[in-house]
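Student: Per this note's numbering, the very first residue in the sequence shown carries number 41; after that it's consecutive.
Ideal placement from N, C-alpha and C gives every residue a C-beta, glycine not left out.
This one's a predicted model, so the numbers in the text were calculated from it and none came from an experiment.
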Amino acid sequence: MQFNSLLAVIVVLPAVLAQGTNWSQSCSGGFLTGSGPSLSLQAVCKTNSGANHTTTLGLSSCLGNSNGNLICQRGGAAFQSCGSCSLGVPNLTCNCPTTSGAGHTTTINTNNCIGNQNGNLFC
Numbered sequence: 041m042q043f044n045s046l047l048a049v050i051v052v053l054p055a056v057l058a059q060g061t062n063w064s065q066s067c068s069g070g071f072l073t074g075s076g077p078s079l080s081l082q083a084v085c086k087t088n089s090g091a092n093h094t095t096t097l098g099l100s101s102c103l104g105n106s107n108g109n110l111i112c113q114r115g116g117a118a119f120q121s122c123g124s125c126s127l128g129v130p131n132l133t134c135n136c137p138t139t140s141g142a143g144h145t146t147t148i149n150t151n152n153c154i155g156n157q158n159g160n161l162f163c
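#1: For C153 and L79, which I take to be in contact (beta-carbon distance under 8 Å), what is that distance rounded to the nearest angstrom?
#2: Going by beta carbon distance, what residues of the same chain come within less than 6 Å of H144, once the five residues before and after it are set aside?
#3: Which of the three DSSP states is assigned to A142 in this structure?
#4: Leaving out the 5 sequence neighbours to the left and right, which residues in its chain are closer than 8 Å to G155 when beta-carbon positions are compared?
#5: Quick check on G115: buried or exposed, where buried means 16 or more other Cβ atoms within 10 Å of its Cβ?
#6: Keeping to the same chain, check which residues put their C-beta closer than 8 Å to that of V84; ignore five residues upstream and five downstream.
#7: For T133, I'd like the list of residues in its chain whose CB is within less than 6 Å of its CB, leaving aside the five on either flank, ordered along the chain.
And the structure:
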């Protein structure tokens, strides 16, 4: 009996941890608004009841710049240094400086950092 309970936890745990990712599967029309530190992602996302809800998320709250590479990082403030961004849902491509100051083009799959929770984008 204990083995079955443990197996159930092991099977369910990855599903719980995976919640909050893959925003592009339940949202449409994703595009960038603003610039610099106020660069945001706007999309129309499904709520739990299936209704559409327009939502905006400041990307600096979800992404960081690690030596010229965009990374998933809450409060990472990537767009204090990164710019010239474009979104090809779900991939975000920007130019971010390395620690030496050289420009570096980097792409991140935003599905790994951003999710839809009842119609609202979050990281």
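Tutor: In short:
#1: As a position in the sequence shown, residue 153 is number 113, starting the count at 1. As a position in the sequence shown, residue 79 is number 39, starting the count at 1. At roughly 14 Å, the Cβ-Cβ gap does not stay under 8 Å, so C153 and L79 are not in contact.
#2: Residue mapping note: residue 144 aligns to position 104 of the sequence shown, counting from 1. By the criterion of a C-beta distance shorter than 6 Å, H144 is surrounded in its chain by G108, C136, T138, once the five residues flanking it on both sides are discounted.
#3: Counted from its first residue, the sequence shown places residue 142 at position 102. Of the three classes helix, strand and coil, the one that applies to A142 here is coil, per DSSP.
#4: Working through the sequence shown from its first residue, we reach residue 155 at position 115. Counting only Cβ-Cβ distances below 8 Å, and skipping sequence neighbours, we find Q59, G60, T61, N62, W63, L161, F162, C163.
#5: Position 75 of the sequence shown holds residue 115. Per the 10 Å Cβ criterion, exposed.
#6: As a first step, residue 84 is located in the sequence shown; it is residue number 44 there, counting from the start. Same-chain partners within the cutoff: C67, S68, G69, N92, H93, T94, T95.
#7: Residue mapping note: residue 133 aligns to position 93 of the sequence shown, counting from 1. Taken in chain order, the residues that qualify are S126, T147.
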